[in-house]
Amino acid sequence: MPQLPPFAPTRSLEVVEARLARRSRVKRLVLALGAGVVALLAMLPAASHAQAPVVDAAPAPATPAAAPAPGTIAPTPGVTTPAAPTEPPAATAPPSTTVPPAATMPPATQPAPGIAAPAPAAPPPMAAPTPAPAGTQPAMPAPPPMAAPAQPRPPVAVPPAPPPRDAMVQRQAGPVAYICGGVAEDEQVALQSQARKYNMSLLFTQGARGEYLSDVDVKLMRGGKEVASFVADGPRCLLKAPSGTYNVRATYQGRTKTMTVSTNSKNAQMRW
Numbered sequence: 001m002p003q004l005p006p007f008a009p010t011r012s013l014e015v016v017e018a019r020l021a022r023r024s025r026v027k028r029l030v031l032a033l034g035a036g037v038v039a040l041l042a043m044l045p046a047a048s049h050a051q052a053p054v055v056d057a058a059p060a061p062a063t064p065a066a067a068p069a070p071g072t073i074a075p076t077p078g079v080t081t082p083a084a085p086t087e088p089p090a091a092t093a094p095p096s097t098t099v100p101p102a103a104t105m106p107p108a109t110q111p112a113p114g115i116a117a118p119a120p121a122a123p124p125p126m127a128a129p130t131p132a133p134a135g136t137q138p139a140m141p142a143p144p145p146m147a148a149p150a151q152p153r154p155p156v157a158v159p160p161a162p163p164p165r166d167a168m169v170q171r172q173a174g175p176v177a178y179i180c181g182g183v184a185e186d187e188q189v190a191l192q193s194q195a196r197k198y199n200m201s202l203l204f205t206q207g208a209r210g211e212y213l214s215d216v217d218v219k220l221m222r223g224g225k226e227v228a229s230f231v232a233d234g235p236r237c238l239l240k241a242p243s244g245t246y247n248v249r250a251t252y253q254g255r256t257k258t259m260t261v262s263t264n265s266k267n268a269q270m271r272w
């Protein structure tokens, strides 16, 4: 069998450490080169920005065209004139940062020579309050007028409703007071009890049997003039009239009857 060289662990460790040292040096070199490249790339944009000229954003105000000098011919619109020889441009100054012009204020209006400027109008004088004399008390404001209390209105008198037409009550027609009825037996008794209060009495009937009538149109005439007019709601009417003689005109269903009666005459009957 071939003989193996004796194991030398010290030699092997030295070789490994030497290799590791070379590798670490290479890594440090690579890192240093990378950092230098990054720094160089970062400096390039800053240098380009520093060399770029600054452009003024505000436009320059337009200058009016200069008037032609005496003896020169003004250019005619639409006709081109030959350009004058231009001088070589002077060396341009390095760009500098320009500041935009501040907003110009309109100049104050100046008066023409020889004319005095108008003086500002003075404010109107204020009237000074007159001081009250010493020892007087300040005037107290007058109290507001008090409204007069509302007076209660008197109750409105409502006239009583007239009685029904067929009610047996006393009524008035001019100077004559009358009451008519007597259709029912109780009305006849009531009229009989009041007969002494009246000075005339009329009875309206029809036919041979003397049937009672109502709704008779009655007019009392005296001296050719109408004194009273009413409608008899029953066959018998009691009248209270001034003393004298009267002409009675009674109309029933278009037929008229006449009779002359005087006061204190009772039971004057008119038949159709």
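For the sequence shown, counting from 1, position 30 maps to 30 in my numbering; every step adds exactly one.
Beta carbons are placed, not taken as given, at the ideal position from N, Cα and C, and that holds for glycine.
DSSP, reduced to helix, strand and coil, places Ala-173 within a strand of the structure shown. Taking the Cα positions, Ala-228 is about 13 Å away from Thr-245. Note that the stretch 242-261 does not touch the stretch 184-197; fewer than 3 beta-carbon pairs, one per stretch, sit closer than 8 Å. DSSP, reduced to helix, strand and coil, places Arg-25 within a helical segment of the structure shown. Here Ser-265 is near Met-200, since their CB atoms are less than 8 Å apart. Between Leu-213 and Tyr-178, the C-beta spacing is not below 8 Å. Using a Cβ distance threshold of 8 Å, Asn-267 and Leu-203 count as a contacting pair. Per DSSP, the unbroken beta strand (DSSP E) holding Ser-265 starts and ends at 265-271. DSSP, reduced to helix, strand and coil, places Ser-229 within a strand of the structure shown.
Contact between Arg-171 and Phe-230 holds, since their C-beta atoms are separated by about 7 Å, short of 8 Å. The C-alpha of Glu-187 is placed about 29 Å away from the C-alpha of Glu-226. If you draw a straight line from the Cα of Ala-232 to the Cα of Ala-184, it is about 15 Å long. In this structure, Pro-175 lies near Ala-241, with their beta-carbon atoms less than 8 Å apart. Residue pairing from DSSP leaves Glu-17 without any beta-bridge partner. For the stretch 170-209, the full-length beta strand (DSSP E) segments reaching 3 residues or more read 171-173, 176-181 and 200-206 along the chain. In the DSSP assignment, Ala-250 falls within the unbroken beta strand (DSSP E) covering 245-252. DSSP lists Val-231 and Thr-251 as the beta-bridge partner residues of Asp-217. A straight line joining the alpha-carbon of Cys-237 with that of Ser-243 spans about 17 Å.
Annotated three-state conformation of Val-261 is strand, per DSSP. A residue is called buried when at least 16 other Cβ atoms come within 10 angstroms of its Cβ; Pro-141 does not meet this threshold and is exposed. Distance from the CA of Val-158 to the CA of Val-169, rounded to the nearest whole angstrom, comes to 21 Å.
Excluding residues up to 5 positions away in sequence, Phe-204, Ala-232, Ala-250 and Tyr-252 lie with their Cβ nearer than 6 Å to the Cβ of Val-216 in the same chain. Residue pairing by DSSP puts Leu-239 in a beta bridge opposite Tyr-178 and Met-200. In its chain, beyond the 5 residues on either side, no residue has a beta carbon closer than 6 Å to the beta carbon of Val-26.
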